[in-house]
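A short write-up of the structure that comes next.
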Amino acid sequence: MHLCRICANASGRMISIFEGEGAQHDLINKILKYLPIHVCTVTISDTLPLQLCERCANVLMAWHELNEGCLNAQRKLLEMQDSHLRNKQEVKNI
Ligand SMILES: [Zn+2]
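The UniProt record's numbering puts the first residue of the sequence shown at 1, with every later residue one more than the last.
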């Protein structure tokens with residue numbers, strides 16, 4: 001089956017979940033983290049397609065970036081809030 005595991009279409013370039021580019025981008029862990037499907041890491045025991053279409057792979061990568069980005073942003077915002085509160089406190093103590 002040369003269909004995409006996520007959308008079940010066979011459009012455009014397909015990217016293997018476990019090989020080459022897919023392995024480089026760690027697609028398996030992104031699928032397991034963000035999607036409600038279970039892709040077996042032992043390829044032989046998974047009978048469903050083990051590749052993604054380029055579109056789904058890009059959406060998955062973009063979602064991952066959003067996830068990482070919001071965690072970084074939250075860290076930054078908390079730091080800003082902390083230093084703001086600290087400054088206020090220092091002003092009060094003078
Ligand atoms: Zn797809």
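Even for Gly, the Cβ is constructed at its ideal location relative to N, Cα and C.
Measure the C-alpha to C-alpha separation of residue i and residue j and round it to an integer number of angstroms.
{"i": "C4", "j": "L32", "result": "16 Å"}
{"i": "L15", "j": "V39", "result": "Position check: residue 15 holds Ile in this sequence, whereas Leu was assumed. Looking at the two C-alpha atoms, the distance is approximately 15 Å."}
{"i": "C7", "j": "I28", "result": "16 Å"}
{"i": "M80", "j": "M61", "result": "28 Å"}
{"i": "R13", "j": "D26", "result": "18 Å"}
{"i": "L35", "j": "V59", "result": "12 Å"}
{"i": "N93", "j": "K76", "result": "26 Å"}
By DSSP's criteria, residue i is part of a beta bridge. Which residues make up the other side?
{"i": "I15", "result": "L52"}
Taking the alpha carbon of residue i as the point to measure from, which residue in the options has its own alpha carbon closest?
{"i": "L48", "options": "N58, R86, I17", "result": "I17"}
Which two residues bound the contiguous alpha helix (DSSP H) that contains residue i?
{"i": "I31", "result": "27–34"}
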